[in-house]
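**Student:**
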Amino acid sequence: MSLNTLGEWSDFLQAVGALATALLAAIGLVMVVVELRSLTKSINGNSSAQVYTYMMDLLRIQIEHPELRPYIYGGQYPPEGGIEADRVAAIFGAFGDFMEFVFAQRRLGILPESEFRDPWQPFFAKLLSGSPGLNEYVRNADYYSLELRRFAQLKTKVTAEKP
Numbered sequence: 002m003s004l005n006t007l008g009e010w011s012d013f014l015q016a017v018g019a020l021a022t023a024l025l026a027a028i029g030l031v032m033v034v035v036e037l038r039s040l041t042k043s044i045n046g047n048s049s050a051q052v053y054t055y056m057m058d059l060l061r062i063q064i065e066h067p068e069l070r071p072y073i074y075g076g077q078y079p080p081e082g083g084i085e086a087d088r089v090a091a092i093f094g095a096f097g098d099f100m101e102f103v104f105a106q107r108r109l110g111i112l113p114e115s116e117f118r119d120p121w122q123p124f125f126a127k128l129l130s131g132s133p134g135l136n137e138y139v140r141n142a143d144y145y146s147l148e149l150r151r152f153a154q155l156k157t158k159v160t161a162e163k164p
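Throughout, this note's numbering is defined as the position within the sequence shown, counted from one, plus 1.
1. Quick one: measure Cβ to Cβ for Gly134 and Tyr74, integer angstroms, because I've assumed they're closer than 8 Å.
2. From the DSSP output, in three-state form, read off Leu112 for me.
3. Suppose contacts are defined by Cβ-Cβ distances below 9 Å. Is Val103 in contact with Leu112 by that definition?
4. Going by DSSP in three states, Lys156 sits in which element: helix, strand or coil?
5. May I ask you to report which of helix, strand or coil DSSP gives Gln77?
6. Taking DSSP as the reference, what is the three-state secondary structure of Tyr72?
7. Quick check: the Cα distance between Pro71 and Arg150, rounded to an integer number of angstroms?
8. Given a cut-off of 9 Å on the beta-carbon distance, is the pair Ile84 and Ile62 in contact?
9. Let me know the secondary structure DSSP gives Ala86 once reduced to three states.
10. Looking only at its own chain, which residues have a Cβ that is under 6 Å from the Cβ of Tyr55, when we skip the five neighbours before and after it?
11. Verify whether the separation of the beta carbon atoms of Val139 and Gly76 is less than 9 Å.
12. Can you tell me the Cα-Cα spacing of Asp119 and Val35, whole angstroms?
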């Protein structure tokens, strides 16, 4: 191949420039994909950390107030009225908010579906089927997503009589 005229040189340089531009664009695209994957892993890790931190806060409350555990894990309905009923309602609200947080993280694609399915979905199912008071609280709270309220409805199981 010989480049004898200025026009041939110009055409050649334009072709080389177009090829270099395409090559750089392809390399840039690969770098963007790699960075997006890294960012996704980072976001998922942060979301998982938030979920576990939230759960640790709930466990801390139960350690400080062990009298609440029978209403969460023991199948007991909360008492009617009084300070104990207020505390139980507060812990039900905290657990409901936690479940809604996890459902929302999954719905938004922040929490990986695999992490939602194991461990959170089975944990929530056991919690809602074993705590009739919590289940009733979540099902009747219209500020929770329809998805969470339907999930609670599916897990309704009478395990104790109301006092």
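Every residue, glycine too, gets a C-beta built ideally from N, C-alpha and C. Owing to the predicted nature of the structure, the values given are computational and were not obtained by experimental measurement.
**Tutor:** From the atom records:
1. Actually they are not in contact, since the Cβ atoms of Gly134 and Tyr74 sit about 11 Å apart, beyond 8 Å.
2. Three-state result, Leu112: coil.
3. It is a contact, given that the beta carbons lie within the stated cut-off.
4. Assigned with DSSP and collapsed to three states, Lys156 falls in coil, not helix or strand.
5. Coil, per DSSP.
6. Correct three-state label for Tyr72: helix.
7. Roughly 22 Å between the two C-alpha positions.
8. Not a contact, by the Cβ cut-off of 9 Å.
9. For Ala86, the three-state secondary structure derived from DSSP is helix.
10. Phe99.
11. In this structure, Gly76 does not lie closer than 9 Å to Val139 by Cβ.
12. One C-alpha to the other measures close to 27 Å.
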